[in-house]
Amino acid sequence: MLARACKQLWEWFDDRTGVSDLIGPSLKHLVPHDARWWYVFGSATMCAFMIQVISGIALAFAYIPSPNDAYLTLQFITNAAPLGRFLRGLHYYGASAMILMVGLHMAQVYLFGSYKFPREMNWVTGVLLLGFTLVMGFTGQLLRWDQTAVWSVVVAAEQAGRVPLIGDWLARFTLGGDTVGGATLNRFFVIHVFLMPAMVFAFIGLHLLLVLRHGISEPPTPGKPVNPKTYRKEYKELMEKTGKPFWPDAAWRDVVFAVAMVLVMALLALVLGPPELGKPPDPTLIDANPRPDWYLLWYFAVLALLPHGAEEYFMVFGPILIGILLIALPFMSRGGERSARRRPWSIAIVIMTIVMIGTLWVAGAKSKWSPDFNPPPLPEKLVGAASGPVYDGARLFHDKGCLNCHRIESEGGRRGPDLSGIGNLLTRDQIILRISNGGHNMPAYASNLKPDELSALVAFLQSRAGNRKPPAGSQPNPQ
Amino acid sequence: MSGNIDALGPPPTPEELSRRKFLERLSVGLFALGSVVLLVPMAGFVVAPLFKRRPEVWRAVGQAASFEIGSTTAVQFEDSSPLPWAGVTAKTAAWLRRVDAGNFIAFSINCTHLGCPVRWLPKADLFMCPCHGGVYYKDGTVAAGPPPKPLPQYPVRVRGGVVEILTNPTPITR
């Protein structure tokens with residue numbers, strides 16, 4: 097009885113609104129029968145985005161995008177609001193998942209040659225969505241509006257400033273004026289909460305329309321190239337012969353994968369929680385150590401490792417060139433083989449990209465190029481003297497900032513060479529020369545040390561024999 | 375869904391066709407005009423503040439006598455015309471070095487590599503940057519690492535025993 101009433105109500109609703117007519121064909125469109133687990137990353141990306149939208153809206157109930165209050169509301173959300181910590185964590189791991197899934201989706205589409213005719217625009221809209229996603233990631237980190245966020249804005253403005261001709265204007269646009277101030281946070285709030293989500297919605301819509309228009313690409317078969325003249329007809333015949341309706345024959349895998357992803361995200365949010373909130377966004381707190389979130393840490397390493405003098409070109413034209421190459425890809429190889437087995441370079445490029453970003457990521461996490469700012473004085477046991485020139489030298493090694501960059505056994509920074517065994521490698525004169533003149537990455541100390549200080553420092557360094565034996569006839573590396 | 379409207383009724387006459395063309399152009403033209411009329415003020419509102427340079431003003435940062443000769447100290451001052459809601463972000467810091475009795479140098483804290491705040495190591499007489507390891511000497515010249523230029527300086531003066539710094543935009547390396 098009730099069931100019949102419900103059915104009647106639904107039929108009336110469906111007749112007057114046309115819901116089934118609207119989404120039925122999309123849900124039931126035919127997809128290749130063998131499009132299995134490799135095809136789940138796109139929908140997983142969209143699922144992550146939807147979670148970002150929902151968790152973002154929830155967070156916006158408490159967040160105040162004001163330069164003075166944003167940090168306070170972040171503290172409130174994290175420490176006081178019920179479920180706030182979980183929600184912030186979810187938004188963070190949602191962002192992480194979205195970036196990860198975009199990457200996987202892109203790699204799969206590239207390896208399967210799915211970007212080829214007639215799906216060029218699927219790829220192009222996807223590349224734009226990748227760009228929007230990265231902008232969302234960066235601006236989202238800024239909305240945390242702690243000390244790191246403030247300095248990240250300055251770093252972004254400095255990079256924008258390197259653009260020829262309009263650099264100065266772009267830098268001012270990034271800062272929202274002459275300096276970080278009352279207008280800075282709001283522009284990133286607008287970009288993160290209005291502009292970019294609107295673009296992502298619009299382009300996901302277009303991306304999905306294109307998926308329906310051209311169909312999901314069939315898994316490639318080696319030796320079966322794409323011929324733009326016949327492909328559409330072949331695809332239609334293939335779907336009519338062996339295609340399966342998307343719902344539910346293929347969609348169930350998307351659902352299973354997406355739910356698993358969401359569970360992992362929720363678990364991480366519960367167990368690990370959101371990233372730590374840094375110090376307050378006060379530009380006069382100088383002891384800052386700005387680092388991007390993990391998904392941009394590799395780019396932080398790029399900025400540190402660029403060859404001096406070529407930075408402008410890399411910083412400005414590097415991203416532009418990568419963008420152009422990505423967009424041009426489907427037009428450079430419209431037809432031909434799709435299978436990665438017949439396109440070994442595609443495998444090489446994906447592996448190279450992963451290795452490159454992975455290596456840079458590890459380098460960024462270690463960031464050896466950053467000095468250790470507050471190394472404790474060298475312990476007496478390590479120095480091996482309680483008075484005399486070696487002892488004085490060790491103290492100077494700490495006070496003059498040597499220890500910030502050089503390592504002595506387990507102490508000190510990693511920017512410069514490890515000096516634990518320097519006494520075996522360089523002569524007294526060589527050490528004096530190096531300290532006085534410095535090098536590309538080392539200050540010259542000639543005017544900074546009195547003669548007796550230099551002697552003490554050299555005495556300390558000569559006493560650093562380490563465990564290493566000097567290789568016969570070895571020449572010190574001038575770097 | 376009635377399909378192609380042209381298929382219904384009698385075929386259009388040449389007058390009707392030219393009328394349709396006119397109406398098409400009229401509609402597209404009006405739409406474009408309306409969009410431009412609205413978009414110009416909207417875009418202008420967003421970008422206009424960026425073309426307005428803030429005035430430069432002298433800000434007191436402390437009694438001259440309170441800075442030791444040879445020392446380098448962090449000082450802070452308020453931006454020239456902060457927005458009323460700017461709160462803590464209205465402040466800027468600088469490194470003030472007292473060279474001798476009458477001379478001060480005010481360095482920007484922004485590293486010329488990518489703008490991170492450099493720290494002063496008083497015993498080592500060096501500025502060091504936490505981001506990518508840039509190092510400067512006490513006079514602001516580059517000692518090591520990636521910075522392409524010396525630390526920028528703010529104009530500084532002493533008036534009635536008070537050190538004053540002229541506010542300036544955040545230095546952007548070109």
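For the protein sequence lines, the chains are Y and Z, in the order given. Per the working numbering, residue 97 is the first one in the first sequence, and the count goes up by one each step. Per the working numbering, residue 375 is the first one in the second sequence, and the count goes up by one each step. Backbone N, C-alpha and C fix where the C-beta goes; we use that ideal spot for every residue, glycine too.
Item: Cross-chain neighbours of Ile483(Z) in chain Y, by beta carbon under 7 Å; Value: Ile382
Item: Same chain, Cβ closer than 7 Å to Met335(Y), neighbours up to 5 away in sequence not counted; Value: Leu126, Gly311
Item: Ala512(Z) to Gln237(Y) span [Cα, whole Å]; Value: Contrary to the premise, residue 512(Z) reads as Lys rather than Ala in this sequence. If you take the alpha carbons of Lys512(Z) and Gln237(Y), they lie about 34 Å apart.
Item: Three-state secondary structure assigned by DSSP to Leu457(Z); Value: coil
Item: Closer than 9 Å to chain Y by CB, Ser440(Z); Value: no
Item: Through-space distance from Thr244(Y) to Leu373(Y), alpha-carbon basis; Value: 9 Å
Item: Backbone CA spacing between Gly497(Y) and Leu366(Y) [nearest angstrom]; Value: 42 Å
Item: DSSP bridge partner residues for Gly491(Z) (one or two, in chain order); Value: It should be pointed out that residue 491(Z) corresponds to Pro in this sequence rather than to Gly. DSSP lists Asn484(Z) as partners of Pro491(Z).
Item: Cα-Cα separation between Met411(Y) and Val516(Z), rounded to whole angstroms; Value: 21 Å
Item: Below-9 Å beta-carbon distance, Asp242(Y) vs any chain Z residue; Value: no
Item: Pairwise C-alpha distance: Ile150(Y) and His494(Y); Value: 51 Å
Item: Three-way DSSP call (helix, strand, coil) for Ser570(Y) in this model; Value: Here the model assigns Ser570(Y) a pLDDT of 43, short of 50, so the residue's position is not dependable, and the following value carries that caveat. Coil.
Item: Same chain only: Cβ atoms within 7 Å of Asp285(Y), ignoring 5 sequence neighbours per side; Value: According to the sequence provided, residue 285(Y) is Phe. The question's Asp does not apply to it. Excluding residues within five positions, the ones whose Cβ falls inside 7 Å are Pro161, Leu239.
Item: Contacts of Leu399(Y) in chain Z (Cβ-Cβ under 7 Å); Value: Leu488, His506
Item: Tyr511(Z), enclosing beta strand (DSSP E) - first and last residue; Value: 509 to 511
Item: Rounded C-alpha distance that separates Ala542(Y) from Ser532(Y); Value: 4 Å
Item: Alpha-carbon spacing of Val355(Y) relative to Arg394(Z), whole angstroms; Value: 53 Å
Item: Exposure of Leu308(Y), with buried meaning 16 or more beta-carbon neighbours within 10 Å; Value: exposed
Item: Segment contact, 8 Å Cβ cut-off, at least three pairs: the stretch 416 to 428 of chain Y with the stretch 216 to 229 of chain Y; Value: yes
Item: Outcome for Cys485(Z) when other beta-carbon atoms lying within 10 angstroms are tallied against a minimum of 16; Value: buried
Item: At least three beta-carbon pairs within less than 8 Å, the stretch 451 to 471 of chain Z to the stretch 272 to 279 of chain Y; Value: yes
Item: Nearest-angstrom beta carbon gap, Lys212(Y) and Arg530(Y) [assumed within contact, 8 Å]; Value: Going by Cβ atoms, the distance from Arg530(Y) to Lys212(Y) rounds to 57 Å, so no, they are not a contact pair.
Item: Burial state of Ile443(Z) (16 or more Cβ within 10 Å); Value: exposed
Item: Leu525(Z) in three-state terms, based on DSSP; Value: coil
Item: Closest residue to Arg328(Y) among Thr317(Y), Lys340(Y), Ser313(Y) (Cα-Cα distance); Value: Ser313(Y)
Item: Residue range of the unbroken alpha helix (DSSP H) whose run includes Ala555(Y); Value: 547 to 558
Item: Interface flag, Ser454(Z) vs chain Y, CB-CB below 9 Å; Value: yes
Item: Cross-strand partners of Ala540(Z) (DSSP beta bridge); Value: A quick correction: the sequence has Leu, not Ala, at residue 540(Z). DSSP output for Leu540(Z) lists Trp432(Z) as bridge partner(s).
Item: Given Val322(Y) as reference, the closest of Ser442(Y), Phe208(Y), Pro539(Y) once Cα atoms are compared; Value: Phe208(Y)
Item: First through last residue of the beta strand (DSSP E) which encompasses Ala517(Z); Value: 516 to 518
Item: Beta-carbon spacing of Glu505(Y), Pro522(Z) below 9 Å; Value: no
Item: Residues near Ser210(Y) by beta carbon distance below 7 Å, same chain, minus five either side; Value: Ser313
Item: Residue range of the alpha helix (DSSP H) that includes Met97(Y); Value: Unbroken run through Met97(Y): none, as it is neither H nor E.
Item: Neighbouring residues, chain Y, relative to Trp459(Z) (Cβ below 8 Å); Value: Ser162, Pro163, Asn164, Gly278
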